[in-house]
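So the structure is just underneath, and the comments pick up after that.
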Amino acid sequence: MSHASAVTPSRVVGIGALVVAAAGPFIFSDYIAHTLLTQVFWLGIAAASLTFLSAYGGMVSLCQISMFGIAGFVVGNTVTTGEVKGLHLGWNPWLGVVLGLVVATVIGLLLGALSSRSFGIYFLMLTVVFAVLANYFFGQVTNLSGFSGISGIQVHTPGIIGNPNLHPDRLYYIALVVAIAVYFLIRYVGRTPFGIALQGIRDDPIRMSSLGYNVAAQRTLAFAFAAFIAAIAGVLFVWWNDHIDPATIDLDAVINLLIVCVIGGLYKLEGAWVGALAFVLINNYLHDTDVPLVGGSFYTVIGAIFLVIVLLSPAGLLGIWDRLVQRLQTGPPGPAVAAAGPTEESPSTSHEGTT
Amino acid sequence: MTDVTTGSTRQGSRWTPEEATRYASRGIAGAAAIFVLVWVLFWAPKTTYGSAVSDPTDFFKTFLDSLTFAGLLFVVASGFTLIFGLMRVVNMAQGSFFLLGGFIAYKLQQNFAHGGGFGLLSSQVSMWQWILPAVIAAGCVGLVGLGIQQAFLRWNQGQDLRQALITIAISIIIADQLLAHFNAGNAQSISWPGKLDRFVSLGFGGIQYSLARLFMLAVAVVIGVLLWLWLQKTRTGMVIRAGVDDRQMVSGLGVNIQLTFALAFFVGAALAGFGGVMGGSFAGLQVDVGGQWLLNCLVVVIIGGMGSLAGAAVGAILYAFVFNFSAIYLPTTSNNCCTEYSVVFTFALLALVLAFRPQGLLGRAG
Numbered sequence: 001m002s003h004a005s006a007v008t009p010s011r012v013v014g015i016g017a018l019v020v021a022a023a024g025p026f027i028f029s030d031y032i033a034h035t036l037l038t039q040v041f042w043l044g045i046a047a048a049s050l051t052f053l054s055a056y057g058g059m060v061s062l063c064q065i066s067m068f069g070i071a072g073f074v075v076g077n078t079v080t081t082g083e084v085k086g087l088h089l090g091w092n093p094w095l096g097v098v099l100g101l102v103v104a105t106v107i108g109l110l111l112g113a114l115s116s117r118s119f120g121i122y123f124l125m126l127t128v129v130f131a132v133l134a135n136y137f138f139g140q141v142t143n144l145s146g147f148s149g150i151s152g153i154q155v156h157t158p159g160i161i162g163n164p165n166l167h168p169d170r171l172y173y174i175a176l177v178v179a180i181a182v183y184f185l186i187r188y189v190g191r192t193p194f195g196i197a198l199q200g201i202r203d204d205p206i207r208m209s210s211l212g213y214n215v216a217a218q219r220t221l222a223f224a225f226a227a228f229i230a231a232i233a234g235v236l237f238v239w240w241n242d243h244i245d246p247a248t249i250d251l252d253a254v255i256n257l258l259i260v261c262v263i264g265g266l267y268k269l270e271g272a273w274v275g276a277l278a279f280v281l282i283n284n285y286l287h288d289t290d291v292p293l294v295g296g297s298f299y300t301v302i303g304a305i306f307l308v309i310v311l312l313s314p315a316g317l318l319g320i321w322d323r324l325v326q327r328l329q330t331g332p333p334g335p336a337v338a339a340a341g342p343t344e345e346s347p348s349t350s351h352e353g354t355t
Numbered sequence: 356m357t358d359v360t361t362g363s364t365r366q367g368s369r370w371t372p373e374e375a376t377r378y379a380s381r382g383i384a385g386a387a388a389i390f391v392l393v394w395v396l397f398w399a400p401k402t403t404y405g406s407a408v409s410d411p412t413d414f415f416k417t418f419l420d421s422l423t424f425a426g427l428l429f430v431v432a433s434g435f436t437l438i439f440g441l442m443r444v445v446n447m448a449q450g451s452f453f454l455l456g457g458f459i460a461y462k463l464q465q466n467f468a469h470g471g472g473f474g475l476l477s478s479q480v481s482m483w484q485w486i487l488p489a490v491i492a493a494g495c496v497g498l499v500g501l502g503i504q505q506a507f508l509r510w511n512q513g514q515d516l517r518q519a520l521i522t523i524a525i526s527i528i529i530a531d532q533l534l535a536h537f538n539a540g541n542a543q544s545i546s547w548p549g550k551l552d553r554f555v556s557l558g559f560g561g562i563q564y565s566l567a568r569l570f571m572l573a574v575a576v577v578i579g580v581l582l583w584l585w586l587q588k589t590r591t592g593m594v595i596r597a598g599v600d601d602r603q604m605v606s607g608l609g610v611n612i613q614l615t616f617a618l619a620f621f622v623g624a625a626l627a628g629f630g631g632v633m634g635g636s637f638a639g640l641q642v643d644v645g646g647q648w649l650l651n652c653l654v655v656v657i658i659g660g661m662g663s664l665a666g667a668a669v670g671a672i673l674y675a676f677v678f679n680f681s682a683i684y685l686p687t688t689s690n691n692c693c694t695e696y697s698v699v700f701t702f703a704l705l706a707l708v709l710a711f712r713p714q715g716l717l718g719r720a721g
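Chains as they are written, first to last, in our numbering: chain A, 1 to 355; chain B, 356 to 721.
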C-alpha cells in the first residue's frame, strides 16, 4: 500500500544504522570498530548467504560456513609464502581472491547439483554432512592445511587494503561497502526472473516443474550463488583474522552461523546483519559469565536464547520488530498475523510492502 | 507399448531412456565395486598391509573391525531412524544423547567400581559393573529424550525444520552442560569388564580378535532382532508402522498415537545413550565425539534410507566398510598421499548413493 519510497520505521532505523556504521571508526573505540563491527560485517555476509537460500529458495543449508572456509583456505594456500603451512604458492593477492571465489563457487555448483533433488529437512541433513566432511578434509589433508591451519595471510593482502593490522580502517570500510553491495546484489537477484522462479520453487516445486522450470537446475544455481556470497565473506575473514584452520569450519561454526541467522530472522535478508551484531555482542560481553543454577558457560546462554527464539519467534529479532511496528501503527495484531507461519511470507513483499 | 508411444527414433532399441540411464548407472556402480574388490583382494600396492591375498590376516581383521563398527553405528542410527520414521523429527541432538549416555555410564561405573576419577583397569570391572551403568544410562537418556519431546517437540508437530532447530539448540545446551559437569573436555573411557577385554582365537588363520568388539557386534544384532520383532510382531509395532504410513488415519481409528510417539522417542533416545556406552568403552568419550556421531547417524540413514530399520543396517555396514577400508587400503608411500584422503571416500559413497537413489538405498520415494 505504501509507495516504494515511503518513510517506514524500518527504513529510518536501517539508514540510521548505516550512518552510524559509516562513522564507526570515529565514534567507537578501536576495539569496537575493528574487532567487533568489522566482524559483524563479514559474519553478516556469510549469514546472508544462508538467509538468501532460506528466504528465497526455502533451502536451509548448513554448509555455507564450508564455502566460506574453502574460499579462505584457497586464499591462504595461494597467497602466503614460505614461513607457514599449506601450499604457500606466493601468488598475487588478487589472483588468490579470484581463485578463492571461483573454487568455492564451483564446489557450490557441484554440491548444489548433488543436493538439488533433496528438499526441506533432507536438504538440511545432507548439507550438515557436507559441512562436517569439509571440516575433516581440511583437518586430515596436511598439504592444504592440517589441524594447525594457515597463518600469516594479513601481510599478503592486495595493495589497497594493506596489512589490516596496520590499517584496520581500510578493512573496516571495505567490509562495510562489500556488505552493502552484497545486500543489494541479493535483493536485485531476488527480483530477476531467476529469483522469482526460485521463490516459486520455494513455495511449490511441483507446480513450477509442471510450468516447465527445471527445478533442480534453478536450485543448483541458487546454491552456487550462495556459495559465491559465502566465499566473499571467507576472503574478508582471512584478511581480518590472519589465520584459518579447520576449527573455523567445524560443527560448532556451522551451528554458530545458523544461530546468527535464526536470531536475526531466517526469512529476511536484513536479519543476517542484525543476527551477526547480536551474536558478536553476546559472544564478547557474555563470554566469561557463569550461568547461575545450572552451571555451564556462554554456550548454555546462547543455546537457551536460540531455543527461546525458535520456540517463540521463528522470524527472529526482525519478526519481533515487525510485530512491534505493526502494533504501533495499527493497534494489536490480529491472531492471523501473529500466528502466520513465516514460511508463507515472501521476502520481497513482506519487507517494505512495495506492492 | 513404449516403442509405439515414443515413435521411430528408437526403433529396434529395447530400452527407454530411463532404463538406459538406470542400467548405465548400475554399470558404473558395479564397475566401481569390482575395481575396489580387485584392488583390495589382489593388488593394493604400497598400502599399510598390501592386498588381501598377500596378507589375509590383516584383511580379516579390517573386515571384522568394519563389521563390529557397523554394529555400533547401527545401534545409534536405528534410534535416529526410528524417531524420524514415526515423527518426521530429525533429532540433531542424537550425538549429544550418545555423549550423555556415555558420560552417565562413566560416572556410574566410577562409583560402582570405586575408580576415584582415574581410568579403571578392565580387571577391576566385573560384568555387572558394565551392564548396570549401561542400562541405567540408556534409561536416563531415554527419559531426557522423552522430556524434550513432551516439552518442546510435541506441540510443533509437522514443522520439521523448527523441530530440527529445537534439537540443535538442545544439543548446544547438552554439550555445554557436559563440559561443566562431566569434565567432558578431556577424553575419558568406560572400561569393558575384564571377562570381555581379551583376545580370542577365531579358529582360522591364527587370528586373535578382541572379544569386546565381537560382543559389541552381538549386542547390535540382538538389538536389531529385538527391534524387528517389536515392530513386526507386536501390537505397538503395528501401530508404529501404521503411524509411519498415515499418522492421522491411525489416530482417527482411536489409537493414542501420542503415547506411541512418546514411547518411540524414549526408545530412540535410549538407543543413542546405549550406543554412547558402547562407543565410550571402545573408543573413549570426549565432547567433540558428539558431532562425529551426529555425522555418523546422518550418513548411515541418508545412505540406507530415512526411517527404514533395514536401511540403517545396510547403511551402517556400507559406511563402516568404506570408512575402515579407505583408511587402510589407500597407498601411503608418496609423502602425504593418500590415506589422509579417506574422508573423500565417505563423501564419494554418499554422492554415489544420492545421485542414483536420492531417497537412500532402502528408503521410500516421495
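Don't be surprised by glycine CBs; every beta carbon is placed ideally from N, CA and C. In this text the structure is predicted, and so the values were computed from the model without any measurement.
Is it true that the CB of residue j sits closer than 8 Å to the CB of residue i?
| i | j | result |
| --- | --- | --- |
| A/Ile206 | A/Arg219 | no |
| A/Phe237 | A/Phe26 | no |
| B/Thr522 | B/Ala619 | no |
| B/Ala567 | B/Phe453 | no |
| A/Ala272 | A/Thr38 | no |
| A/Asn54 | A/Ile249 | Looking at the sequence itself, residue 54 of chain A is Ser, so the reference to Asn does not match. Going by C-beta atoms, A/Ser54 is not nearer than 8 Å to A/Ile249. |
| A/Ala224 | A/Thr105 | yes |
| A/Pro93 | A/Val325 | no |
| B/Ser431 | B/Gly630 | A small fix is needed here, since residue 431 of chain B is Val in this sequence, not Ser. Their beta carbons are under 8 Å apart, which means B/Val431 touches B/Gly630 by this criterion. |
| B/Val642 | B/Leu463 | no |
| A/Ala278 | A/Ile255 | no |
| A/Asp245 | A/Phe147 | yes |
State the beta-bridge partners of residue i as determined by DSSP.
| i | result |
| --- | --- |
| B/Tyr564 | B/Val555 |
| A/Ile244 | A/Ile150 |
| B/Gln543 | B/Leu640 |
Could you check what DSSP says for residue i in three-state terms: helix, strand or coil?
| i | result |
| --- | --- |
| B/Ala706 | helix |
| B/Leu649 | helix |
| A/Tyr213 | coil |
| A/Val63 | The residue you asked about is not Val; residue 63 of chain A is Cys in the sequence shown. Looking at A/Cys63 - three-state DSSP - the assignment turns out to be coil, as it is neither helix nor strand. |
| A/Asp169 | helix |
| B/Asn611 | coil |
| A/His34 | helix |
| B/Arg712 | coil |
| B/Trp510 | helix |
| A/Trp91 | coil |
| A/Ser348 | Because A/Ser348 sits at a pLDDT of 38, beneath the cut-off of 50, its placement in the model cannot be relied upon, and the point is left open. |
| B/Leu685 | coil |
| B/Met447 | coil |
| A/Ser10 | helix |
| A/Arg117 | coil |
| B/Val574 | helix |
| A/Gly159 | coil |
| A/Asp250 | coil |
| B/Ser380 | helix |
Are there any heavy atoms of the ligand NAP lying less than 7 Å away from the beta-carbon of residue i, as far as the coordinates show?
| i | result |
| --- | --- |
| B/Ala619 | Ligands in the displayed structure: none, and consequently the ligand NAP is not present. |
Report the CB separation of residue i from residue j in whole angstroms; it is logged as a contact under 8 Å.
| i | j | result |
| --- | --- | --- |
| A/Thr80 | A/His156 | 6 Å |
| B/Leu704 | B/Val677 | 5 Å |
| B/Ile545 | B/Tyr461 | 5 Å |
| B/Val655 | B/Ala667 | 6 Å |
| A/Phe306 | B/Ala524 | 4 Å |
| B/Ala493 | B/Gly628 | 4 Å |
**Message:** Under 9 Å, CB to CB, which of the residues in the stretch 117 to 129 of chain A have a partner in chain B?
**Reply:** So the close ones are Arg117, Ser118, Gly120, Ile121, Tyr122, Leu124, Met125, Leu126, Val128, Val129.
**Item:** Where the stretch 399 to 425 of chain B meets chain A: residues whose CB sits under 9 Å from a CB there
**Value:** Answer in chain order: no residues at all.
**Within 9 Å of chain A by C-beta, residues of the stretch 655 to 675 of chain B in sequence order** = When C-beta distances to chain A are compared with 9 Å, the residues of the stretch 655 to 675 of chain B below that value are Val656, Ile657, Met661, in chain order.
**Contact list for the stretch 483 to 509 of chain B against chain A, Cβ threshold 9 Å** = Sequence-ordered contacts of the stretch 483 to 509 of chain B with chain A read Phe507 [C-beta pairs closer than 9 Å].
**Message:** Along the stretch 698 to 714 of chain B, where does the CB come closer than 9 Å to a CB of chain A? Name the residues.
**Reply:** Under the 9 Å Cβ criterion, the stretch 698 to 714 of chain B contributes Val698, Val699, Thr701, Phe702, Leu705, Ala706, Leu709, Ala710, Pro713, Gln714.
**Item:** Proximal residues, the stretch 517 to 530 of chain B versus chain A, C-beta separation under 9 Å
**Value:** Along the stretch 517 to 530 of chain B, the positions whose C-beta sits under 9 Å from a C-beta of chain A are Arg517, Gln518, Ala519, Leu520, Ile521, Ile523, Ala524, Ile525, Ser526, Ile527, Ile528, Ile529, Ala530, read in chain order.
**Request:** Closer than 7 Å, Cβ to Cβ, to anything on chain A: give me those residues from the stretch 641 to 656 of chain B, in chain order.
**Result:** Cβ contacts with chain A: Gly646, Leu650, Leu653, Val654.
**Asked** Relative to chain B, which residues along the stretch 308 to 330 of chain A have a C-beta separation below 8 Å, given in chain order?
**Response** Flagged, chain order: Val310, Leu311, Pro314.
**Request:** Could you run through the stretch 577 to 603 of chain B and flag, in chain order, every residue whose CB is less than 8 Å away from some CB of chain A?
**Result:** Correct list: empty, as no residue qualifies.
**Request:** With 9 Å as the limit, tell me which residues of the stretch 534 to 547 of chain B have their beta carbon closer than that to any beta carbon of chain A; keep them in chain order.
**Result:** Those residues of the stretch 534 to 547 of chain B that come within reach of chain A (Cβ to Cβ, closer than 9 Å) are Leu534, Ala535, His536.
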